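Add 156 to a position in the sequence shown, counting from 1, and you land on the number used in my numbering.
Below: the structure, in structure tokens.
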Amino acid sequence: MALMTSFSNGLVVFLFVKDPKKCLRSSPTSLLVASLAWVDFLVGSALEPTDAYYSLSIAFGRKPSIERKDLQSAAAYLLLCSMLLLMLITFDRHTAVSRPLQYSNIITKKRVYLCVFSVCIYCALLIAVIRQWGEEFRNEIFCGHVDLVLLITIAIFGSIVRSLRKQTCMLKRLSVNSDDVFVVQASVRERKVTLTLALMLVVFLACTMPWFLMMQIFDYCAICQKNYWVMKLLFILFQANCAFNPFLCTLRLPRYKVALRTILPRFAFSRRLRPSLWRARRAYQLRRRSSNIANQASRKKESLSSSVALAPVLTQYQFKN
């Protein structure tokens, strides 16, 4: 799970930093997605291996060098940041769907930077307050925040689907023919977005809800305390959501698709995995190079012909003077 989480989210961060088409860093949505990918990358590269080391040390009867309290604090911080950033991405998509004309004025890079910075600071302060003063109610405080984020995210998902449905119905009323191209495209777009959001919501709830329900009843359930291994399995399932995020929401975005298609042929392994794509790209480069050479040759001919045509005029003008 750690390898899958690190690779998928590391790929998203790499595409954002590399930005081969110069279209990712200028987009507020891409910035939010890259922030989520960075947090999830830390979950896969640092949190999950450390948690595995801690569990194996306890299983073999050795004392781990990391305290359980520190590990729980790091897990709570990263996972809460991940959920809040996912909620911000959902709000960003809701604004793009419901108010497309005002989107560029509402969602700006400065506001996105401010929101991401606020999320990181708020989560750090919350974990520090829980460790210092709210140790007895840490499960209630943390789960309360997560439940609130879940409810807001579900409400935004529902609002996006409702806005898409309204737009499609409005196009159908304005169009005389139901087979109009705009109506068909709007219906197809609505189905795609609805299915994507439904898949994201189902995976999100399936990965997060079991562990949070277990967390809320753990202190009051004797059977749950005896079977602590169930709690660990549910926590691994919760961490799996960080591995699924790039495939469900990030790599499906058009800007990231273009960047991925551009960056893959540059690596040697792509020639072996997809030789047809590499041959097509090589043929395109040769055609472009030959066209550039032909254009340069035509420009030289035009410059020579213009100089020959202008020469008699200049000599005649000089002779008259």
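Yeah, the Cβ is synthetic: ideal placement off N, Cα and C, and Gly gets one too.
Given the structure is predicted, the values throughout are model-derived calculations rather than measurements.
Top-ranked residue by Cα proximity to residue i, from the options
i: D248; options: L307, N295, F313 and V302; result: F313
i: C363; options: C279, L389 and Q372; result: L389
i: P176; options: R417, S446 and R445; result: R417
i: S254; options: S211, L307, Y210 and L320; result: L320
i: Q228; options: A252, W385 and L203; result: L203
i: L198; options: Q395, I419, R294 and V414; result: Q395
i: I283; options: A230, C377 and L192; result: A230
i: Q288; options: P220, P256, S183 and D226; result: D226
i: E296; options: Y376, F391 and A280; result: Y376
Beta carbon of residue i nearer than 9 Å to that of residue j
i: L393; j: W367; result: yes
i: N165; j: D207; result: no
i: R411; j: T264; result: no
i: G200; j: S162; result: yes
i: Q381; j: C299; result: no
i: L180; j: L171; result: yes
i: L244; j: V285; result: no
i: Y210; j: R224; result: yes
i: V387; j: F374; result: For clarity, residue 387 is Met in the given sequence; the question names Val instead. Contact flag set, yes.
i: T251; j: T309; result: no
Cβ-based burial, residue i [other Cβ within 10 Å; buried from 16]
i: Y233; result: buried
i: N383; result: exposed
i: W194; result: buried
i: E291; result: exposed
i: L187; result: buried
i: P205; result: exposed
i: Q258; result: exposed
i: L478; result: Because the chain is modelled from 157 through 477, residue 478 falls outside the range shown and cannot be assessed.
i: C398; result: buried
i: I379; result: exposed
i: L212; result: exposed
i: C325; result: exposed
i: N477; result: At N477 the pLDDT is 43, less than 50, meaning the model places this residue with poor confidence; the figure from the coordinates comes in the next sentence. Result: exposed.
i: I214; result: exposed
i: P402; result: buried
i: I316; result: buried
i: S183; result: buried
i: L429; result: Confidence in L429 is poor, its pLDDT being 47 and thus under 50, which makes the residue's placement unreliable; the coordinate value appears in the next sentence. With fewer than 16 Cβ atoms within 10 Å of its Cβ, L429 is classed as exposed.
i: S446; result: exposed
Secondary structure of residue i, DSSP reduced to three states
i: S426; result: Its pLDDT being 48, under 50, S426 is placed unreliably by the model, and nothing is read from it.
i: Q288; result: helix
i: G217; result: coil
i: T549; result: This structure cannot speak to residue 549, because the chain is shown only from 157 to 477.
i: T352; result: helix
i: S238; result: helix
i: S274; result: helix
i: R181; result: coil
i: T264; result: coil
i: P176; result: coil
i: M160; result: helix
i: R329; result: helix
i: C380; result: helix
i: L257; result: coil
i: E296; result: helix
i: E204; result: helix
i: I310; result: helix
i: I419; result: helix
Nearest-angstrom beta carbon gap, residue j and residue i [assumed within contact, 8 Å]
i: L236; j: V302; result: 7 Å
i: L404; j: L355; result: 6 Å
i: V305; j: M239; result: 5 Å
i: V275; j: L241; result: 6 Å
i: V359; j: F400; result: 5 Å
i: L409; j: V173; result: Contact flag wrong, Cβ pair sits at about 16 Å.
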